[in-house]
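When the letters of the sequence shown are read in order and numbered with UniProt numbering, they come out as residues 1 to 85.
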Amino acid sequence: MRFLTVLGYSLVAAILLSLFSQIQDLLKYLFSLGALYVGVQFFKRHEALGMRISFVAATIVLYFIIAIIYAMYLAVTTGQLPPPA
1 MRFLTVLGYS
11 LVAAILLSLF
21 SQIQDLLKYL
31 FSLGALYVGV
41 QFFKRHEALG
51 MRISFVAATI
61 VLYFIIAIIY
71 AMYLAVTTGQ
81 LPPPA
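In structure tokens:
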């Protein structure tokens, strides 16, 4: 059950961070605050050091996976890679 909890929180935080990195509008900062809120809520509920480290590590890994999948999706649909940010 702890694995699913860490995975769920990490997935939500990673999606919010991915949206933050891809959107070029002022709205992007709401996604950043959302990811921060998810992290704070996770840290409030789970005080074990191992779960906190797992949350941070899983969020980073999932963020990179989502970013790579999105870049591949853009490359396939548009035929070109997005410019570096």
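Don't be surprised by glycine CBs; every beta carbon is placed ideally from N, CA and C.
None of these values were measured; they are calculated from a predicted model.
So Tyr70 packs on Ser18, CB below 8 Å; how close in whole Å?
The residue you call residue 70 lines up with position 70 of the sequence shown. The residue you call residue 18 lines up with position 18 of the sequence shown. Their Cβ separation, rounded to whole angstroms, is 7 Å, which keeps Tyr70 and Ser18 in contact under 8 Å.
If you follow the alpha helix (DSSP H) that Gln22 is part of, which residue opens it and which one closes it?
Taking the sequence shown and counting its residues from 1, the one referred to as residue 22 is at position 22. Its alpha helix (DSSP H) spans residues 2-22.
Counting only the same chain and skipping the five closest in sequence on each side, list residues whose C-beta sits under 7 Å from that of Ala58.
Taking the first residue of the sequence shown as 1, we reach residue 58 at position 58. Result list for Ala58: Val6, Leu7, Ser10, in chain order.
Report buried or exposed for Phe64, applying the criterion of at least 16 other Cβ atoms within 10 angstroms of its Cβ.
Within the sequence shown, residue 64 is the residue found at index 64, counting from 1. Flag for Phe64 reads exposed.
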